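Numbering (UniProt numbering), first residue to last: 1 to 192.
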């Protein structure tokens with residue numbers, strides 16, 4: 001069975017998002033359709049103040065989580081010192097996953113983590129896409145997932161490959177994963 005779902009894991013700061021961004025750039029250079037989102041840090045004077053969800057094809061930013069009072073948003077549940085904006089997560093999902101284009105693509109989900117999973121809609125949409133065989137999925141997950149049963153369930157699916165990233169291998173993985181994803185995408189396109 002082909003692993004059409006690639007889950008990238010590694011410790012914080014190891015380069016998961018950078019790896020995925022580099023893969024997306026190479027896939028787009030090959031004319032492969034990609035959609036989804038990245039989670040980016042928001043830094044002020046070099047200090048992390050929160051995270052934004054940045055959509056791939058829509059150039060939109062949505063506040064995911066901020067240290068209390070950073071943006072005057074204290075509503076919503078918290079993860080550590082961050083207040084998570086569930087409404088914003090759901091708005092980003094609406095933007096990315098309401099596209100009526102059903103042609104095959106590579107879906108990018110960076111990240112399936114504790115903050116994102118506070119949105120029930122997020123979990124529902126991820127589950128739906130993981131069971132839909134018409135796309136290749138590249139997603140990042142935390143290395144520590146014992147308290148994230150949904151992520152553990154995804155790791156156990158038969159079409160999932162888990163890739164561990166570290167500072168030493170992140171640059172080497174770009175071409176290897178781009179080639180593998182290109183092959184998977186071609187197989188899915190051939191079935192259309």
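Ideal placement from N, C-alpha and C gives every residue a C-beta, glycine not left out.
Since the model is a prediction, treat every value here as computed from it, not as a measurement.
By the neighbour-count definition (other C-beta atoms within 10 Å, threshold 16), residue 111 is a buried residue.
Two segments are said to touch when three or more pairs of C-beta atoms, one from each, lie closer than 8 angstroms; by this definition the segment 17-30 touches the segment 160-176. Per DSSP, the beta-bridge partners of residue 36 are 108.
Contact between the segment 134-147 and the segment 51-67 is absent: fewer than three C-beta pairs spanning the two stretches fall below 8 angstroms.
Per DSSP, the continuous beta strand (DSSP E) segment holding residue 160 begins and ends at 160-164. In this structure the segment 45-53 does not lie against the segment 153-165, because fewer than three pairs of beta carbons, one per stretch, are closer than 8 angstroms. Out of 32, 181, 114, 187, the CA that lies nearest to the CA of residue 152 is found in 114. Under the DSSP definition of a beta bridge, residue 83 partners with 66, 78. Between the alpha carbons of residue 170 and residue 127 lies a gap of roughly 27 angstroms.
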